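Number of protein chains: 2
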Amino acid sequence: MQVTEENSGADRRVGIIETSTELFLKNGYSGTSMSKIAAACGITKASLYHHFAGKEELFVACVTHGYSAALVALEEIASRSGPTAEDKLRAALSALYETIISSPVGRMSPLIAEVSRMFPTVARSFHTEYIEPQQALLWRIIDQGVENGTFLKVDERQIFHLIFGPIVMLSLSREMFASFDDLDTHFPVLQLRDGHIDAILGMMKAKSDA
Amino acid sequence: MQVTEENSGADRRVGIIETSTELFLKNGYSGTSMSKIAAACGITKASLYHHFAGKEELFVACVTHGYSAALVALEEIASRSGPTAEDKLRAALSALYETIISSPVGRMSPLIAEVSRMFPTVARSFHTEYIEPQQALLWRIIDQGVENGTFLKVDERQIFHLIFGPIVMLSLSREMFASFDDLDTHFPVLQLRDGHIDAILGMMKAKSDA
DNA sequence: GTCTATACAGTGATAGAC
DNA sequence: GTCTATCACTGTATAGAC
Chain A
1 MQVTEENSGA DRRVGIIETS TELFLKNGYS GTSMSKIAAA CGITKASLYH HFAGKEELFV
61 ACVTHGYSAA LVALEEIASR SGPTAEDKLR AALSALYETI ISSPVGRMSP LIAEVSRMFP
121 TVARSFHTEY IEPQQALLWR IIDQGVENGT FLKVDERQIF HLIFGPIVML SLSREMFASF
181 DDLDTHFPVL QLRDGHIDAI LGMMKAKSDA
Chain B
1001 MQVTEENSGA DRRVGIIETS TELFLKNGYS GTSMSKIAAA CGITKASLYH HFAGKEELFV
1061 ACVTHGYSAA LVALEEIASR SGPTAEDKLR AALSALYETI ISSPVGRMSP LIAEVSRMFP
1121 TVARSFHTEY IEPQQALLWR IIDQGVENGT FLKVDERQIF HLIFGPIVML SLSREMFASF
1181 DDLDTHFPVL QLRDGHIDAI LGMMKAKSDA
């Protein structure tokens, strides 16, 4: 980050969080040492430990830092009063792709998986503070459509399985095969996204034929 | 593994691979040191390095070791001549769930993601030696159904996005939230699997309504 | 709040005797 | 093939001066 302006207190914390988020994304959790983080921030390790009690706490701060933006975006969509339930669901799914593929939180998902195995605390907080609220917001939109008669009645866990699965895998794939030079050929975001959204909506509106 | 019988040469290698696979699954890649592996195998580090040139090579051996069983299972299904394309696809998808959720290879997917970021070589070999053959086999089944007239014509990448997404995410979720005591409530394999398979087949057989 | 200096456990990996 | 012993290094984390 490099200290170029007068930034003190909380600003410094945010700076550290953003810098270390980049490093975590680039080199993984274990691949990112406190020394490297300190160096990238232009301070020493000791100073870094003054701001964060340890590596685990710093990582949690990085993840948490990204929650809010993603959740408020979804919240905003869920609260719109103009559009139909279908349009809102489409917008919500697009937002999920945007979040998981492009934002730091989303791109960190493979990392969060890695760290969650080591620290169950991280797993629990990630689930209750991010996944559950996110699914609750999405469910509000779906449920509204169901009561509307727009959507078929569906099982909650089942539909989330089908919605989040492809999104998460795409994010995971793009991270793990980031070294491929034909990455976008193998994993074209927009194309896969649009097909997925159409499939989901096709399913939710389909007349039962079984 | 502990040496209880006369096992020499290649047997010893396999023993090490199986032991270290367990450790990798339990503690992650960075969380598993060569010392711990050696100790668990009842040998010293130096002996371990006699069998494997390094940690990375050992890990690749673990992953590769699991390929074959999974691929031959799928190969067997694709080559059946009796059942309809639909039944074969159902069997193949069930097998994929079985592989990814229960077998070491599948359960290692979060790990493979972690290691692939660090070693592009691993990413490349995993893709060409496992993912591509697997998708080719699955495509053979689908394509047969399409020529049959059983299935609609679908885009290859698109359908793989919808098929593998939920499976991979389920595997990832179950690993990262393994510490939850209500794991099976949140992520019930059989139920999610059956719903997913029905959804895929419903989609592939659906009359176009768009 | 930041620094210098350091403690100290653990890492992957190797040399050379048996 | 396995051992003992050791390498050079990095990891997280802390003490205490400024």
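Quick note, the sequences are listed as chains A and B, same order.
With my numbering applied, the first sequence closes on residue 210, and no number is skipped along the way.
With my numbering applied, the second sequence closes on residue 1210, and no number is skipped along the way.
Where a beta carbon is used, it is the ideal one built from N, C-alpha and C, also for glycine.
These numbers were taken from a predicted model, which means no experiment stands behind them.
Apart from sequence neighbours up to five positions away, the residues of its chain that approach Arg1013/B with a beta-carbon distance below 7 angstroms are His1051, ordered along the chain.
Scanning chain B for C-beta atoms nearer than 7 angstroms to the C-beta of Leu152/A yields nothing, as the closest lies near 12 angstroms away. Here the stretch 119 to 138 of chain A does not lie against the stretch 38 to 52 of chain A, with fewer than 3 beta-carbon pairs under 8 angstroms apart. C-alpha of Ile142/A to C-alpha of Glu1114/B: approximately 34 angstroms in a straight line.
Collapsing the DSSP output to three states places Met204/A in a helix.
Along the stretch 1014 to 1065 of chain B, the alpha helix (DSSP H) occurs as fully enclosed runs of 4 or more residues at 1034 to 1041 and 1045 to 1051, listed in sequence order. The shortest CA-to-CA distance from Gln1191/B to any of Leu170/A, Phe160/A and Met204/A is the one to Phe160/A. Closer than 7 angstroms at the C-beta level to chain B, one finds these residues of the stretch 123 to 152 of chain A: Ala123 and His127. Taking the Cβ atoms as the reference, Arg107/A lies roughly 6 angstroms from Leu25/A, within the contact range of under 8 angstroms.
Taking the C-beta atoms as reference points, Ile1197/B is found no nearer than 9 angstroms to Ser1103/B. For Lys88/A, the enclosing alpha helix (DSSP H) has its first and last residue at Ala85 to Tyr97. Listed along the chain, the chain B residues whose CB falls inside 8 angstroms of the CB of Val168/A are Gly1165, Val1168, Met1169 and Leu1172.
Taking 9 angstroms as the cut-off, the Cβ atoms of Leu111/A and Gly28/A count as close. CA-CA distance, Gly165/A to Gly1009/B, rounds to 42 angstroms. Shown here, Met1176/B sits in a helix according to DSSP, grouped into three states. At a C-beta separation below 8 angstroms, Phe177/A has these neighbours in chain B: Ser1116, Ala1123 and His1127. Using a Cβ-Cβ cut-off of 9 angstroms, Leu162/A counts as an interface residue toward chain B, since at least one Cβ of chain B sits closer than that to its own. Short of 7 angstroms from the beta carbon of Glu1156/B, and not among the five residues preceding or following it, lie these beta carbons of its own chain, in chain order: Trp1139. A distance below 8 angstroms between beta-carbons, with the five flanking residues on each side excluded, links Gln1144/B to the following residues of its chain, in chain order: Ala1085 and Lys1088. Taking the Cβ atoms as the reference, Ile101/A lies roughly 6 angstroms from Val189/A, within the contact range of under 8 angstroms.
DSSP, read as helix, strand or coil, puts Val154/A in coil. Met1204/B is a Cβ neighbour of Leu1152/B, given a cutoff of 9 angstroms. None of the residues of the stretch 87 to 98 of chain A has a beta carbon lying less than 8 angstroms from any beta carbon of chain B.
Counting only runs of 4 or more residues that sit fully inside the stretch 126 to 171 of chain A, the alpha helix (DSSP H) segments are 132 to 148, in chain order. Only Leu1192, Gly1195 and His1196 from the stretch 1182 to 1198 of chain B bring a Cβ to less than 7 angstroms from some Cβ of chain A.
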